[in-house]
Structures are given as C-alpha cells and as structure tokens.
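Here's the structure we're looking at; comments come further down.
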Amino acid sequence: MLLKLLLKNPFRHKLRALLTVLGVAIAILSFGMLRTIVGAWYAGVEFSSATRLVTRNSISIIFPLPLAYYEKIRQVEGVKEVSYANWFGGTYKDKKNFIAAMAVEPRTALDIYPEFVLPPDQEKAFLKDRKSCIAGIKLARRYHWKIGDQITLTGNIFPGDWEFVLKGIYTGKYASTPEDQFRFHWNYLNERLKKTTPRRADQVGFYMIEVKKPELAAQVSAAIDGMFKNSLAETLTETEKAFELSFVSMTEAIVVAIRLVSFVVIIIIMAVAANTMAMTARERIGEYAVLKTLGFGGREIALLVFGESLMLSMTGAAVGMALTYPAADFFKSQLSDYFPVFNVARETLYMDAAAGLIVGVVAGIFPTWRAVRLRIADGLRRIG
Amino acid sequence: MKNIVEVKNVTKSYRRGNQVVPVLEDISFEIAEGEFVALMGPSGSGKSTLLNLIAGLDKADSGSIVVGGVEITALTETELAEWRASSVGFIFQFYNLIPVLTALENVELPLVLTRLTRAERREHAEMAIRVVNLEDRMDHYPSQLSGGQQQRVAIARAIVTDPAILVADEPTGDLDKVSAKEILGLMDRLNRESGKTIIMVTHDPRAAEKAHVMRHLEKGVLVNAP
C-alpha cells in the first residue's frame with residue numbers, strides 16, 4: 001500500500017512532475033555531454049601507448065632537434081625502434097579547412113604506430129613514393145579523397161603549397177585511434193627545406209621511441225636525456241601520455257571551466273528539485289499529519305517524502321542518460337573536425353546516475369526532516 | 385460502568401513567539417465505557433485541543449490522561465503512535481482521505497501497520513466499508529464521492545482496526561443537513577450496536593443531541609464538570 005502511495009504521489013501534479021523530471025533529465029544530459037567533451041579532449045592521451053616515448057627539445061616543443069640524434073638514440077639500451085616527425089599543420093583549399101598533417105619517417109612510424117591500419121598494398125605504395133601521403137578514413141571521407149588523388153596543402157609553419165599523392169587510407173585499430181590525421185614523408189619536407197631554407201633542414205620536431213618493455217621507459221628516458229646533456233639541443237624524454245598531456249595542459253583552463261560548468265548545472269537542478277520537493281511536502285503536511293494520526297511513524301513518512309524525491313530525480317536521470325547516446329552521436333557528427341573521438345564513457349554514465357541520486361537525496365533531506373518532525377496537531381490545523 | 389477515559393489536572397498552553405497562551409487549565413473529568421460524549425464550546429475554548437490530548441495526538445504540559453487503562457501521558461512518541469494505531473479511531477471534519485487511494489484502500493491504510501496478511505487486510509476493509517453501506521463505491525476515489533460518502537469512508541477507516549474509542553472533530557461541520565443526519569445516525573449506531581465510546585467535538589446543537597453526555601468548555605475550563 002505504501003509502495004502504491006509512493007508510486008502515485010509524484011504524479012499527483014502531473015505538470016509539475018513532468019517539468020521536474022524534464023529539468024533533471026536536461027541537467028543530467030548536459031552534465032553527461034560536458035563530461036564527454038572533457039573525455040574527448042583527453043582522447044589523444046588515451047590513444048597513447050605505455051611502450052612509446054617522445055623526445056623533444058627540453059626548452060620547448062617549438063624548438064627542433066638535430067637529425068643526427070637519430071642514430072645515437074637507436075643505440076640506447078632498451079630501445080626497440082625510433083622514428084621522427086615534424087608537425088606540419090596546414091590547410092586544404094580554404095584556410096578554415098585545417099589538416100592535422102605530420103611529416104614522418106614513414107617505415108618506422110608505421111612500425112611504432114600499429115594502430116594506424118593500412119592495407120598491405122597501400123602501405124607498400126606509400127613507402128615507395130616520396131611524394132605520397134596517407135590520410136585517416138574520416139579525413140578522406142570529409143574531403144571525398146580517393147586513392148591516387150592529388151592533394152595540395154598550404155603550409156603555415158612551412159609556407160607554400162605542398163603537393164601530395166594519396167596512396168593510402170588508414171583506419172584506426174581502436175575506438176580511441178584518431179582517424180583524421182594526414183601523414184607524409186619527412187624526406188619530402190626536408191629536401192624542399194634544403195633548397196628553400198637550408199637552416200631549417202635536417203632538423204626534426206621530435207623523436208618517437210618504442211621501448212622493448214614498458215618498465216624500461218624511465219631508464220631509457222634518463223639515458224637519452226643524459227646523453228644530450230650540455231649539448232646545444234638538450235632533450236626532454238617523456239612517455240607519450242605525458243607528451244600528449246602537455247598539449248592538453250595548454251588548454252587546461254577551458255577543460256577546468258567545462259568541468260566547473262558541469263557541476264554548476266547539477267547544483268542548479270539540485271536547488272530546483274529541492275524547491276519542488278519543499279513545495280510538495282508543504283502541500284501534503286495535512287496528509288502526513290493524518291498518516292501520523294493513524295499510527296504511521298517517522299520511518300514510513302520519510303520513505304514517502306524521500307522516496308518521492310528519489311523517484312523524480314532518478315526518473316529524470318534515467319531519461320537524461322538514455323538521451324546521452326543519441327545526443328553524443330549528434331555531437332559526434334557535427335563536431336568530428338574538433339573531436340574525432342567522442343564516446344560516452346561508462347564512467348560518465350555512473351557519474352550521471354550518482355548525480356541523479358545526489359540531486360534526489362539533497363532535494364529530499366529538508367522536506368523529509370520537516371515531515372518527520374511535524375507535530376500532528378500543527379499538521380491537522382493546516383487542513384482546517 | 386467502568387471509566388475508559390480519566391483526565392486529571394491537565395493543563396496545556398501554546399507558545400506564540402515569546403508569549404505563552406494557556407489553552408486548557410486544570411481539566412479533570414472521566415468518560416465511562418460506551419458513552420457518547422459531545423464536547424462543546426465556542427471557538428478557541430480548547431475543545432479540539434482536549435480531544436487531541438485524549439486521542440494521543442498532542443502532549444499535555446502537566447496532569448495525566450489514562451485511556452483504556454494506559455497512561456498515555458507517560459508514553460514516548462513511538463509508543464503513542466502504536467497505541468493510537470490500535471486503540472483509537474479518528475473522524476475529521478474534512479474527512480482527510482488520501483486522494484490517490486480508492487475508498488477501499490483508504491480504509492485498508494491503518495491495517496498496513498498490523499501483522500495481517502494482504503488478503504486479511506482486504507477482508508477487514510471490505511467488512512468495514514459494508515458497515516457504512518458503501519460497498520458499491522469501494523473502488524471509487526475520494527474525488528468521485530460526495531462529502532457524506534467521503535465521511536462514511538472516513539468512519540470505515542476509523543473502525544477498521546476495531547478500536548474501543550472513536551474521536552470525532554466536527555464530523556458534520558462540512559456536510560449538508562441530510563448527509564450530517566446520516567453520519568450522526570451511523571455514529572449513533574456504532575455507539576449503540578458496537579459499544580464504541582465516542583468523543584465528539586461539535587458546534588452543532590443537533591449533533592450534540594445524539595450524545596448521552598455534553599461537556600462545555602469555556603476559555604480552557606470545563607464549566608459543567610460533574
């Protein structure tokens with residue numbers, strides 16, 4: 001009977017209940033989406049491997065390292081493979097079409113990054129032709145590129161128009177693998193630099209190192225940095241994860257703001273739900289007094305008030321959680337240029353559920369306390 | 385006849401801000417088992433407060449109240465709630481039914497606190513609703529019933545646990561003449577046929593006529609105590 005009462009009570013004021021549930025649902029949906037955006041921000045970090053290190057100039061990533069370090073790094077105990085790259089950036093046709101392009105040593109880069117999956121014939125064609133490039137499947141789809149297409153990128157770090165032939169379209173092995181990248185031969189870049197700006201030639205942006213075992217990472221890092229200590233270009237070697245995080249940390253303020261907003265949304269809905277529950281409990285003071293008169297104790301009254309608060313908030317949370325996936329799919333389709341990986345993490349759903357629970361608990365505390373402490377005579381007086 | 389209610393030197397006051405407002409002053413009287421008592425008096429005379437004290441809905445500042453051999457002034461809140469559930473039936477002026485429960489479910493509500501099974505509860509509730517002649521309305525919600533019918537449901541709810549005492553606060557105050565007569569007839573029948581002791585607060589002299597004994601309160605004092 002009490003259960004029936006508990007199930008029926010929230011919908012006595014259908015419009016109010018609907019608006020409260022809707023409010024909580026929108027808040028939980030917003031919370032979930034904001035958390036997913038934060039997750040997408042860190043997607044590159046998730047994509048990093050424990051066996052990969054990145055060596056860069058210790059002053060800053062914008063300063064290069066000599067190509068001559070390549071052979072020396074390869075000799076370090078525990079190193080399995082070394083590759084190198086220069087960040088190219090660039091745009092396609094229009095300035096707003098930014099391309100995440102990178103000049104890489106192609107053979108070693110493909111070895112170190114096995115999650116970039118290329119069909120064998122395309123891999124062979126890419127390695128063979130110095131002017132060739134590969135693109136992720138999302139990028140190729142966005143610009144309708146096909147194998148064999150001539151692609152011209154306009155460089156900003158390396159000015160001018162750069163022509164490539166698309167020889168491969170890779171797919172990501174994992175959900176977190178970015179499928180919007182563009183890679184081409186480092187030699188193609190270097191040869192042109194030798195002609196146009198020789199002082200920039202034979203310089204690499206960073207080295208990518210694969211160690212034999214993850215536990216060797218610290219030892220190898222120390223050995224590499226020790227080797228180039230007191231040289232003209234001292235190095236800083238860190239795990240790929242730390243390297244990716246250093247990029248994310250440049251935009252940390254935005255991430256912090258998004259996180260903050262996600263919690264503010266929950267606090268606001270908490271206040272709204274608390275107000276609804278306070279209003280509901282105030283209206284039912286007489287009923288609680290009658291129930292107490294009939295012999296019902298504080299436990300049963302608390303169950304009714306608290307249960308109602310939890311029911312409303314959890315219904316809203318369930319609706320919000322159910323809407324999170326279609327909303328994330330929509331965002332993904334609209335913002336794939338900025339967030340190639342936009343997946344709703346399981347942890348986000350757990351946090352959604354926890355937020356719904358917290359909203360219900362917080363909103364229910366005060367009305368429950370009031371209802372339980374209510375003096376029967378006072379409550380009955382309200383009816384008359 | 386044995387006394388079922390014994391009120392001795394009871395005082396009660398309320399606080400209004402910093403002010404203490406006395407409501408009952410040194411009240412003493414008894415009610416015999418099976419009596420139908422009407423508590424009368426002008427508004428603010430303390431009759432509802434006295435009824436609440438006898439029914440264990442409120443606590444006296446001093447004095448003692450013994451109901452059915454139990455000194456309720458000495459009970460804790462929890463003990464008092466248990467005692468109310470088993471010993472007293474309540475009839476209110478505005479019926480106070482739960483709007484989302486049917487007539488039968490409203491009657492069944494006090495039985496939720498007992499050890500009866502669901503089927504037994506339903507059986508008891510149906511029996512109580514038959515006593516008030518509402519078996520054809522048992523699946524109706526309060527909003528689908530007239531005032532008189534709602535009050536009959538409230539009476540069925542009051543008697544479903546078979547309490548020795550029924551307390552009624554202005555039971556006809558919100559009813560038309562015909563319905564009021566019906567309700568008073570029903571209460572009279574419960575008193576005569578089932579031996580229920582009834583304590584009723586009323587302003588209505590016609591309602592008071594049904595009672596065997598009338599007690600008058602004025603400014604918190606019983607003016608015709610025997």
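Chains as they are written, first to last, in the working numbering: chain A, 1 to 384; chain B, 385 to 610.
All C-beta atoms, glycine included, are put in the ideal place defined by N, C-alpha and C.
Does residue i get closer than 8 Å to chain B when you measure Cβ to Cβ?
i                         : result
leucine 387 of chain A    : Chain A is shown only over 1 to 384; residue 387 of chain A falls outside these bounds and no answer can be derived.
isoleucine 376 of chain A : yes
lysine 8 of chain A       : yes
glutamate 287 of chain A  : yes
arginine 421 of chain A   : Because chain A here runs from 1 to 384, residue 421 of chain A falls outside it and cannot be looked at.
valine 290 of chain A     : yes
leucine 3 of chain A      : no
glycine 387 of chain A    : The question about residue 387 of chain A has no answer here: the residues shown for chain A are numbered 1 through 384.
glycine 297 of chain A    : yes
Which whole-angstrom value describes the C-beta separation of residue i and residue j, a residue pair presumed to lie in contact below a C-beta threshold of 8 Å?
i                        : j                            : result
alanine 439 of chain B   : lysine 292 of chain A        : About 12 Å; that fails the 8 Å criterion.
glycine 136 of chain A   : proline 106 of chain A       : About 15 Å; that fails the 8 Å criterion.
alanine 540 of chain B   : leucine 518 of chain B       : 7 Å
serine 132 of chain A    : phenylalanine 158 of chain A : About 18 Å; that fails the 8 Å criterion.
proline 64 of chain A    : asparagine 57 of chain A     : 7 Å
threonine 457 of chain B : serine 448 of chain B        : 5 Å
valine 544 of chain B    : leucine 495 of chain B       : 6 Å
Could you give the DSSP three-state label for residue i: helix, strand or coil?
i                         : result
tyrosine 207 of chain A   : strand
aspartate 161 of chain A  : strand
glutamate 300 of chain A  : helix
glutamate 234 of chain A  : coil
serine 309 of chain A     : helix
leucine 166 of chain A    : strand
glutamate 244 of chain A  : helix
threonine 293 of chain A  : helix
proline 494 of chain B    : helix
lysine 131 of chain A     : coil
proline 66 of chain A     : strand
proline 610 of chain B    : A caution first: proline 610 of chain B carries a pLDDT of 45, below 50, which makes its placement in the model unreliable, though a value can still be read off. In the structure shown, proline 610 of chain B sits in coil (DSSP, three-state: anything other than H, G, I, E or B).
methionine 522 of chain B : coil
proline 119 of chain A    : coil
histidine 13 of chain A   : coil
arginine 400 of chain B   : strand
valine 544 of chain B     : coil
serine 412 of chain B     : strand
glycine 384 of chain A    : Model confidence at glycine 384 of chain A stands at a pLDDT of 46, short of 50, so the residue's coordinates are unreliable; what they give is reported in the following sentence. Three-state DSSP puts glycine 384 of chain A in coil, outside helix and strand.
tyrosine 113 of chain A   : coil
glycine 604 of chain B    : coil
leucine 550 of chain B    : strand
arginine 141 of chain A   : helix
Based on DSSP bridge pairs, tell me the residues matched to residue i.
i                         : result
methionine 499 of chain B : The amino acid at residue 499 of chain B is misidentified as methionine; the sequence shows arginine. DSSP lists no partner for arginine 499 of chain B.
glutamate 81 of chain A   : A/Glu210
isoleucine 365 of chain A : None, per the DSSP bridge assignment.
asparagine 156 of chain A : Answer is none; asparagine 156 of chain A lacks a bridge partner.
leucine 423 of chain B    : B/Val585 and B/Arg599
histidine 185 of chain A  : A/Val104
Does residue i have its Cβ less than 8 Å from a Cβ in chain A?
i                            : result
aspartate 560 of chain B     : no
asparagine 402 of chain B    : no
isoleucine 539 of chain B    : no
threonine 460 of chain B     : no
aspartate 611 of chain B     : Chain B is shown from 385 up to 610; residue 611 of chain B falls before or after that span and cannot be answered.
alanine 469 of chain B       : yes
valine 607 of chain B        : no
valine 391 of chain B        : no
proline 426 of chain B       : no
proline 494 of chain B       : yes
glutamate 504 of chain B     : no
glutamate 510 of chain B     : no
glutamate 507 of chain B     : no
isoleucine 482 of chain B    : yes
phenylalanine 413 of chain B : no
glutamate 340 of chain B     : Because chain B in this structure spans residues 385 to 610, residue 340 of chain B falls outside the shown range and cannot be described.
leucine 435 of chain B       : no
glutamate 489 of chain B     : yes
leucine 497 of chain B       : yes
leucine 485 of chain B       : yes
phenylalanine 474 of chain B : yes
Three Cβ pairs or more, each shorter than 8 Å: is that satisfied between the region 569-588 of chain B and the region 415-427 of chain B?
Counting Cβ pairs under 8 Å, three or more are found: they touch.
Between the region 357-366 of chain A and the region 312-320 of chain A, can you find at least three pairs of beta-carbon atoms closer than 8 Å?
Judged by Cβ distances under 8 Å, the region 312-320 of chain A makes contact with the region 357-366 of chain A, as three or more pairs qualify.
Touching or not, the region 469-486 of chain B and the region 540-551 of chain B, by the rule of three or more beta carbon pairs under 8 Å?
Of all C-beta pairs linking the region 469-486 of chain B to the region 540-551 of chain B, three or more are shorter than 8 Å, placing the two stretches in contact.
Which residues of the region 439-465 of chain B have a Cβ closer than 7 Å to any Cβ of chain E? Give them in chain order.
In the structure shown, chain E does not exist; the protein chains are A and B.
Is the region 110-121 of chain A touching the region 172-192 of chain A, taking contact as three or more C-beta pairs under 8 Å?
With the cut-off at 8 Å, the region 110-121 of chain A and the region 172-192 of chain A touch.
I'd like to know if the region 280-287 of chain A and the region 73-92 of chain A are in contact, where contact means that at least 3 CB-CB pairs between them fall below 8 Å.
Here the region 280-287 of chain A makes no contact with the region 73-92 of chain A; the two share fewer than three CB pairs at distances below 8 Å.
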